[in-house]
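For the sequence shown, UniProt numbering begins at 1 and goes up steadily by one.
We put the beta carbon where it would ideally sit given N, CA and C, even for glycine.
The next block holds one structure in the form of structure tokens; read it before the comments.
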Amino acid sequence: MFYRGAAPKIGFRITQRQRFQRTNQFQRFLASSAKSTKTDAKSPSRVLLISVFTTGAIVGFYFAVRKVLNNPPEFLFPSSSKTELADLPSPQYANLLEFKVAKDKFLELLGKENVSETSNDIETHTKNNYTLHEPEPNEKPQLILYPSSTAQVSEIMKIAHDFKIPIVPFSGGTSIEGQYISTRQPCIIVDLSKLNKIIKFNEKDLDITVGAGVSWLDINEYVEPFGLMFGPDPAPGALIGGMIGTSCSGTNAMRYGTMKENVVNLTVVLADGSVIKTKQRAKKSSNGYNLTNLFIGSEGTLGIVTEATVKLHIKPKYETVAVVSFNSIVDATDTVTDLISQGVQLNAVELLDEKMMSCINYSNQTSKKWDVKPTLFFKIGNNNSKILKELIKDVQNISKTHNYHNFQFAKNEAQQVELWSARKSIFWSSIDYGRSQVSPDVKIWSTDVAVPISNLSSMIEETIKDTEQTGLYTTIVGHVGDGNFHCLVMYDVKDSAKAMALVNRMTERSIKYEGTCSGEHGIGVSKRSHLEVELGKDTIDVMRKIKLSLDPLKIMNPDKIFKIDPSDKK
């Protein structure tokens, strides 16, 4: 049986040579059949009948092939621009014997030292401190592979493609929404941490080419002596491969953008082992489809990024940090809206609500105590010291119109570090507070949404009212300069359902306010249903069509972003 949307077993592209080969094969088969009957001299009518049948069959076969090629029937070659989930068969993957043969090939390719199946390695590649999402016990990966080059990744994918083995790419392991958990059996994790070389630095062009296993912190350390920096700044453990996969950002996104704005080109290994480069290094290009951005944010579902050329930025000659506390969170968010609408150029704007400030004071992670009030943290920079002073005045004056409680800014580098330290300590401060005040086994669910700046105040105000009604200790932390904020939910495992319901309502609320279910964490497995509500079923069906055109066997990080199996009930 054939299914709409699934590739049929016959080749989709039939060349002229293949067409004649098939016709000739059929002719030889019929000729041999006719020849065997000619030995019966007593049946001339039978010979004549077979000759007529042979000629008719050849002519009929020729016209049938021509008709199928020129006007393929819908059930064989679906002409729809999208692929609906219901039209797909469930994916079929390698059996145990096939997997064993493939494993031997991986060992031959990489050597025993780069192929692991220890329980410790599998454990560290299936969960982390940032996420609650883990594979089911029967869905854990069988092998962890450690390639050290694009060529090795290509060979891995060729083997996986031949044996239909699901592959999950893995870089820093800091993803939050379940991007790298395995969902299918048998499964292999491809750890890209050994692709950790800085390949080429182009100082005059302000770009650098690196392997997928390079940390953004390593890039900054490398280019700092040249007065340069890399824009995105997510979790410290994040590596370039995963940052591209989720299109992450961080505190600097307001000034320098997300990964989508910071990647020049990519080297990608596709599902069948093919290797492509999405474009050259020119900053400006009008060269057809934007394949670079197609792979950014695709979470490893279309291919494995092994190298990337990323943009660099000139570090501001002068930069300071300002911290402003407010009597209400609406005063704080309205200040941000006014700063942006009035064109005040800022490098970063971060919001911490009063509960988060309380956590920081409780944990003693910083050298000073803070006002337990909604607080904005600003990075303000410029290459002209006079302009910098004017920007500081602008921030202070606009904050004043919204009744700020306290305003302070750093006058030297030591004060900058001290004032920004509160923003950097939020995760560990939350753990300290949660373990002491919520539960020794506290769970922290960090999720994010983003809305247009004009809707930010209403969105956050409604979210806080909702969290207060649940009785769960919840803090708000936001990259509010671009309308993106996080909700950190602290709860005991017995309240898991309550926490999940809260997160779902927050996500639905962001869509109501013309926003998105994720500003920087991505979709993974946890926000698939929300993405369909946000974009609509037809848009998801188009995404599915694109995925299946590049990965018809469904082996690239299956089940992430959207469903690929109609029997998937998760």
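(Q) Just to confirm my understanding: we take lysine 569, look at its own chain, exclude 5 residues before and 5 after, and list those with CB closer than 6 angstroms. What are they? (A) none
(Q) What residue range does the beta strand (DSSP E) around residue 580 cover? (A) Residue 580 lies beyond the range of the chain shown here (1 to 570); nothing can be said about it.
**Q.** asparagine 384 versus leucine 228 - alpha carbon distance
**A.** 17 angstroms
Q. Just the Cα atoms here: how many angstroms apart are lysine 560 and glutamate 221?
A. 33 angstroms
Q. Taking the alpha-carbon positions, what's the glutamine 469 to isoleucine 122 distance?
A. 39 angstroms
**Q.** Three-state secondary structure assigned by DSSP to leucine 109
**A.** helix
**Q.** Beta-carbon proximity of leucine 143 to isoleucine 188, cut-off 7 angstroms
**A.** yes
Q) Smallest Cα separation from serine 215: which of Cys359, Asp233, Lys400? A) Asp233
Q | Completely contained alpha helix (DSSP H) runs for the stretch 90 to 164, where each covers 4 or more residues | A | 96 to 110, 119 to 124, 150 to 163
**Q.** Residue closest to serine 454, alpha-carbon to alpha-carbon, out of Gly245, Leu339, Ala102
**A.** Leu339
Q) What did DSSP end up calling serine 215 once you bin it into helix, strand or coil? A) strand
Q) Anyone know if the C-beta pair for isoleucine 296 and methionine 259 falls short of 7 angstroms? A) yes
Q. Helix or strand or just coil, what does DSSP make of lysine 369?
A. coil
Q: With a threshold of 16 other CB atoms inside 10 Å of the CB of leucine 302, please say whether the residue is buried or exposed.
A: buried
Q: Label leucine 76 either buried or exposed according to how many other C-beta atoms from any shown protein chain fall within 10 Å of its C-beta, with 16 as the threshold for buried.
A: With a pLDDT of only 49 at leucine 76, under the threshold of 50, the placement of this residue in the model should not be trusted; the figure read from the coordinates follows. Exposed.
Q: Could you pull out every unbroken beta strand (DSSP E) segment of at least 3 residues lying fully inside the stretch 248 to 272, listed in chain order?
A: 263 to 269
Q) Using 8 angstroms as the Cβ pair cut-off and three pairs as the minimum, do the stretch 517 to 531 and the stretch 272 to 284 touch? A) no
Q. Whose C-beta lies closer than 6 angstroms to the C-beta of leucine 192 among residues of the same chain, with five residues either side of it excluded?
A. Ser171, Ala212, Gly213, Gly241
Q | Any beta strand (DSSP E) of 3 or more consecutive residues that is wholly inside the stretch 271 to 340 | A | 275 to 277, 304 to 311, 318 to 326
(Q) Output needed for threonine 366: all residues of its chain with C-beta closer than 8 angstroms, excluding positions within five of it in sequence on either side, in chain order. (A) Ile360, Glu418, Ser421, Ala422, Ser425
Q | Reduced DSSP category for asparagine 455 - H, G, I as helix; E, B as strand; rest coil | A | helix
Q) If we count the other Cβ atoms within 10 Å of its Cβ and call it buried at 16 or more, is leucine 96 buried or exposed? A) exposed
Q: Name the residue from Pro552, Glu461, Thr467 whose alpha carbon lies nearest to the alpha carbon of residue 573.
A: Lying before the first or after the last residue shown, residue 573 is absent from the chain, which here runs from 1 to 570.
Q: In the DSSP assignment, find the beta strand (DSSP E) that holds glutamate 224 and state where it starts and stops.
A: Per DSSP, glutamate 224 belongs to no beta strand (DSSP E) and is neither H nor E.
Q. When the distance is taken between beta carbons, is alanine 271 closer than 7 angstroms to aspartate 448?
A. no
Q) When you compare only the Cα positions, how much space is there between glutamate 299 and isoleucine 176? A) 12 angstroms
(Q) Here's a check: name, in chain order, each residue in its chain whose Cβ is nearer than 6 angstroms to the Cβ of histidine 486, leaving out the five neighbours to either side. (A) Ser446, Asp448, Val477
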